[in-house]
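Going left to right, the sequence shown walks through residues 1 to 405 as the UniProt record's numbering numbers them.
Backbone N, C-alpha and C fix where the C-beta goes; we use that ideal spot for every residue, glycine too.
Data first, discussion second: the structure below is written as structure tokens.
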Amino acid sequence: MSSSSGTAVTIDRDYFDTLVRRAQFNTESPKANGHLASVVISRAEYDNLVLLARQYGNLRQNLLRGGVGAETVDLLSQDDETIQGGTKTASPPKADPNEDGGARLYSSTPAPSGAYGQHKNTSHNSPHARYHERSACAVGDGDADEDEDDENAASEIDSPIEGPPGANYAKPQGQRQQYEQRCARTLQLSNLADGTTHADIVNAVRGGMLLDIFLRNHDRAVSVSFLNSEDAKKFYDHVRRHDLYIRNKRVEVKWNDRQFVLPGHVANKIGMGASRNLVIQGYDNRHTEDIIREDLDHIHNLVVVKVEFIGGNCYIGLNSVHNAISARQCMLSRLRYKGKKIGYDVDECAQPYPQPALKVRKEAPPPKKAFTAVPNRFQLLNLDDGGDNDVAAAFQAKTAMGITA
Numbered sequence: 001m002s003s004s005s006g007t008a009v010t011i012d013r014d015y016f017d018t019l020v021r022r023a024q025f026n027t028e029s030p031k032a033n034g035h036l037a038s039v040v041i042s043r044a045e046y047d048n049l050v051l052l053a054r055q056y057g058n059l060r061q062n063l064l065r066g067g068v069g070a071e072t073v074d075l076l077s078q079d080d081e082t083i084q085g086g087t088k089t090a091s092p093p094k095a096d097p098n099e100d101g102g103a104r105l106y107s108s109t110p111a112p113s114g115a116y117g118q119h120k121n122t123s124h125n126s127p128h129a130r131y132h133e134r135s136a137c138a139v140g141d142g143d144a145d146e147d148e149d150d151e152n153a154a155s156e157i158d159s160p161i162e163g164p165p166g167a168n169y170a171k172p173q174g175q176r177q178q179y180e181q182r183c184a185r186t187l188q189l190s191n192l193a194d195g196t197t198h199a200d201i202v203n204a205v206r207g208g209m210l211l212d213i214f215l216r217n218h219d220r221a222v223s224v225s226f227l228n229s230e231d232a233k234k235f236y237d238h239v240r241r242h243d244l245y246i247r248n249k250r251v252e253v254k255w256n257d258r259q260f261v262l263p264g265h266v267a268n269k270i271g272m273g274a275s276r277n278l279v280i281q282g283y284d285n286r287h288t289e290d291i292i293r294e295d296l297d298h299i300h301n302l303v304v305v306k307v308e309f310i311g312g313n314c315y316i317g318l319n320s321v322h323n324a325i326s327a328r329q330c331m332l333s334r335l336r337y338k339g340k341k342i343g344y345d346v347d348e349c350a351q352p353y354p355q356p357a358l359k360v361r362k363e364a365p366p367p368k369k370a371f372t373a374v375p376n377r378f379q380l381l382n383l384d385d386g387g388d389n390d391v392a393a394a395f396q397a398k399t400a401m402g403i404t405a
């Protein structure tokens, strides 16, 4: 029972104890239980954590691409107290950037250190540095303009499988072909004819997919980088045996002094089907050769080798794989190509070597035997003096010619 008199309120003891217990229950903070595998947080805090993880993944990826070492990035990711104290603590799981540029929320196999950003001793006046230069069509965070094929491929890798709450499971990643980062893959073709173009080089080189074609007209030389070192060696041996003619002129081949270094992100794109050629499926009248060349003209060191329109598709040949990646992302960001599927086309240089025409030796016909009459086997038994009669007749004819009647 309760009664009120003025400003005071009188309640029963039992009711008062109940109110106290409720107040203690609502104000006490929950005790941390170390045995729980999950933590309950609000939706706003979860979204904030996801955003921070994505930003960290993008920042880490761009730093690695820009040439900053993995150890430097790890050091900059630590707290000030840890850096000043000089003690290494157990670092939390790294936010491994996925194909779309974001950070994976599930653990995955960490990439080997130094996979990105190694730009020393690169070939062709540092082609990787040229790739990282910003252009007017620079892609935003996470490669937002990737088509749904790349998004589906990334989602299959990054999406978790079913499991109990708090379990850290991930689907096993598909095995992709591994490519050598540093190897002997670059050849130099010298003594080129005047006016040699990239198209002439593409039409002459066979035997393997190309990473980069760097033409130096003033030196009359070109550096050709293969994806696989074995293909480069086979091409070198083939040219040494059979010679190579470009524009009806014999060229010289040798190993280049500076070898092309394959960046990790380019190798990853190649594993997903990237090449130095693009194809626009279902082009329209807005996609002409002049417009395409103009749209790609601002990309540094990009050379449009050829543009062909075959069977409703537009095939674009470029001079390198990393330039093709930039060109594709740039085209996807333009309104002119909205709704068009832009993919990678096969490299014609990967075709096998043309087999030399075999000269068929025609067998000489057997010599014709002269026809000889069958001798008369009884000629020896002839007793007639036919020879003397012939001589006498001839003599008589000569003497008769001088006789006059």
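For the pair F260 and T186, the CB atoms are nearer than the 8 Å cut-off.
Rounded to the nearest whole angstrom, the CA to CA distance from R182 to Q61 is 21 Å.
By the neighbour-count criterion, in which 16 or more other beta carbons inside 10 Å mark a residue as buried, V9 falls on the exposed side. If you draw a 10 Å sphere on the C-beta of D212, you find 16 or more other C-beta atoms in it, and that means buried.
With a 10 Å radius around the Cβ and a threshold of 16 neighbouring Cβ atoms, S38 comes out exposed.
By the CB criterion at 8 Å, L262 and A324 fall outside the cutoff.
Where A8 is concerned, the enclosing beta strand (DSSP E) starts and stops at A8 to T10. Around the beta carbon of A364, fewer than 16 other beta carbons lie within 10 angstroms, which makes this residue exposed.
DSSP, read as helix, strand or coil, puts S38 in coil. Of the residues Q355, V50, L381 and A267, the one whose Cα lies closest to the Cα of N228 is A267. A direct Cα-to-Cα measurement between D47 and Y56 gives close to 14 Å. G207 is positioned such that its CB atom lies closer than 8 Å to that of Y353. Per the DSSP secondary-structure output, G343 pairs in a beta bridge with V279.
In the three-state scheme derived from DSSP, where H, G and I count as helix and E and B as strand, G312 is classed as coil. The alpha-carbon separation between V50 and G264 amounts to approximately 26 Å.
Among the bridge pairs identified by DSSP, E252 is matched with S190. In the structure shown, the three-state DSSP call for S229 is helix. Scanning its chain for C-beta atoms nearer than 6 Å, with the 5 sequence neighbours on each side dropped, one finds around M331 the residues Y337 and I342, in chain order.
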